[in-house]
Amino acid sequence: MSIQRITVIGTGTMGNGIAGQGAISGFDVTLFDIDSKRVEVALKQIEQTYEKGLKRQKVSEESVVAARKRLSPQSDLARAVENADLIVEAVPENMALKKKLFASFEAHGKAGVILASNTSSLSITEIASATEHPENVAGMHFFNPVAVMPLVELVRGEYTSTESMTQVRNVAEQMGKSCIEVNDSPGFATSRLGIALGNEAMRMFEEGVASAEDIDKAMALGYRHPIGPLALTDLVGLDVRLAISEHLYREIGTDTFRPPRVLRRMVRAGKLGRKSGRGFYTYDD
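The numbering of the sequence shown is this note's numbering, which starts it at 150 and goes up by one.
Now the structure itself:
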């Protein structure tokens, strides 16, 4: 089976990023949210991403025109998934919600549809347990911003078939991404390493070891990271980082993953990073 039609579930930052990248890479993409207004906002955000790509000469006018025609909004779940070859879920990190959705995908989707989750830390095997065909379920962990970041972390659950892994790899590569493949484990490879570094950076900031700027500069200039761990936390969202850290602490148990006190305080204060305008840095845009 060759995947041609993709349905993306969820219109947050990751959902619209995946949908936009899929459409400009030649796939027919349906973008679903139960709230039609959110879909409209997401399509505008995708358009802004395309405009940035045009200004930076990363994409052509012809490819953007074609991508717009391949994007379809939908607020009815059954209609959104009925013809999809691949369904990519990009909703918040809530296991109960994901399992409910995956059961619905299988109920309304066509036979053999591949189901993928963009989760950054939750168990693919557990998500797949809500389906009749767990061999068709895999993880496709994209990174923000999807149009720019070159990696997709592919996750093989306990029952994921080789064919399903091959299919999601082909899709990711057609989107211009490089892939790594990991077995289902808390935090996979990227979130586990990223949270370990980010949590230690937050503890250093809390202890007054150095300013946020200098902690980030240490990793950017000393270790050639493209962005420091505190600036990355602001980009991802402090609330998202807190949820992942709590999950990894429950699953793995080591103090490395215990959420730093400063992270909890900032989330309670509504300092969520770029999306709220304040985090470890202040943002005017």
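Ideal placement from N, C-alpha and C gives every residue a C-beta, glycine not left out. Remember, predicted model here, so these are calculated numbers, not experimental data.
Separation of G288 and D365 (C-alpha to C-alpha, rounded to the nearest whole angstrom) is 30 Å. Per DSSP, the beta-bridge partners of P222 are L180. When DSSP reads this structure, N332 sits in a beta bridge with R305. DSSP places L381 in the helix class (H, G or I) of the three-state scheme. Measuring C-alpha to C-alpha distances from Q194 to each of G161, E211, V178 identifies G161 as the nearest. Nearest in C-alpha terms to R414, of all of V358, V320, L387, is L387. Close CB contacts of H374 within its chain, under the 6 Å cut and outside five residues either way in sequence, are with M368 (chain order). E238 carries a strand assignment under DSSP once its states are collapsed to helix, strand and coil. The Cβ atoms of I155 and V237 lie closer than 8 Å to each other. A Cβ-Cβ contact shorter than 8 Å links V304 with D333. The alpha-carbon of E312 is positioned some 11 Å away from that of G261. The region 341 to 349 and the region 276 to 284 do not touch, with fewer than three beta-carbon pairs separated by less than 8 Å. Residue state for L421 is assigned as coil, using DSSP reduced to three classes. Apart from sequence neighbours up to five positions away, the residues of its chain that approach T405 with a beta-carbon distance below 7 Å are A345, N348, ordered along the chain.
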